[in-house]
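Engineer: First the structure, which I've put down as structure tokens, then a few questions once you've had a look.
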Amino acid sequence: MARWQDITLQGNEHYRLRDWTSAEGTYLEAVKAIEAEWFVKLEDISLLMGWIANMHNLGCLYEQTEKIQQASHYYLMPYRRVLLLMKEDCFSIEFQHSLLYAMRTVAKALLSFSQRYPVCKCCEGKMLEIRNWLEQYPQPQMMSAYNLSIEKSDLLSGKNISYHRKQSLH
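In my numbering, the protein residues as written are 146 to 315.
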């Protein structure tokens, strides 16, 4: 088992015991360990998904401790990172397919969070856009290069769709 995986398991045990300070420090340590390794192996999907998982672990931890603004940061950061990676055209088709899977993962977590806590006006449109993208492109069994390019272009198109809801987090 990789070092970061051991650290994540320690963080999960601290979380289970409701030792929030230790869990936070351990998850942050896991993130640093992943980022150090990921810098060298950028197309390693297990590192990307481990990083996402630890970011979401931190989001859950901050929700548990009622630090909602901090929690939003740890749900939003993976979405932004995956979106940024998807904009790059230097990755293999296999990794691009993995990025779509990662995008579905981070998008679902972000949407779930936005349903638990109201988001600001500028984020409402993005949440609807993400929801529409997920509905339009359910997880495929097989991904062709054509499907990959359509999904990627629709997600990166920057269409702005808005709806009205209470103002709160950004």
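Cβ coordinates follow ideal geometry from the N, Cα and C atoms, glycine included. Since the structure is predicted, the reported quantities are computational estimates derived from the model, not experimental observations.
1. Which value, in whole angstroms, describes the spacing of the CA atoms of Ile197 and Val251?
2. Taking its Cβ as the centre, do 16 or more other Cβ atoms sit within 10 Å of Ile152, making it buried, or is it exposed?
3. Between Arg276, Leu229, Glu239, Lys212, which lies nearest to Ala254 when the distance is taken from Cα to Cα?
4. With DSSP run on the structure shown, which of helix, strand or coil describes Cys185?
5. Going by alpha carbons, who is nearest to Glu188 out of Glu280, Phe236, Leu245?
6. According to DSSP, simplified to helix, strand and coil, what is Glu233?
7. Can the beta-carbon of Tyr219 be found closer than 8 Å to that of Leu203?
8. Give every residue of the same chain whose Cβ lies closer than 6 Å to the Cβ of Ser243, excluding the five residues on either side of it in the sequence, and list them in chain order.
Structural biologist: In short:
1. Looking up residue 197 in the sequence shown gives position 52. Looking up residue 251 in the sequence shown gives position 106. Cα to Cα, the separation comes out at about 7 Å.
2. For the purposes of this step, residue 152 is taken as the residue at position 7 of the sequence shown. Buried.
3. Locating residue 254 in the sequence shown gives position 109, counting from the first residue. Between Ala254 and the set Arg276, Leu229, Glu239, Lys212, the nearest pair of CA atoms involves Arg276.
4. As a position in the sequence shown, residue 185 is number 40, starting the count at 1. As written in the sequence, residue 185 is Val, which differs from the Cys given in the question. Coil at Val185, not helix or strand.
5. Locating residue 188 in the sequence shown gives position 43, where the first residue counts as 1. Relative to the Cα of Glu188, the nearest Cα in the group Glu280, Phe236, Leu245 belongs to Phe236.
6. The sequence position of residue 233 within the sequence shown is 88, counting from 1. Of the three classes helix, strand and coil, the one that applies to Glu233 here is coil, per DSSP.
7. Counting from one through the sequence shown, the residue named residue 219 turns up at place 74. Counting from one through the sequence shown, the residue named residue 203 turns up at place 58. Cβ distance < 8 Å, so Tyr219 and Leu203 count as in contact.
8. On the sequence shown, position 98 is the one that residue 243 refers to. Closer than 6 Å at Cβ, skipping near neighbours: Ile190.
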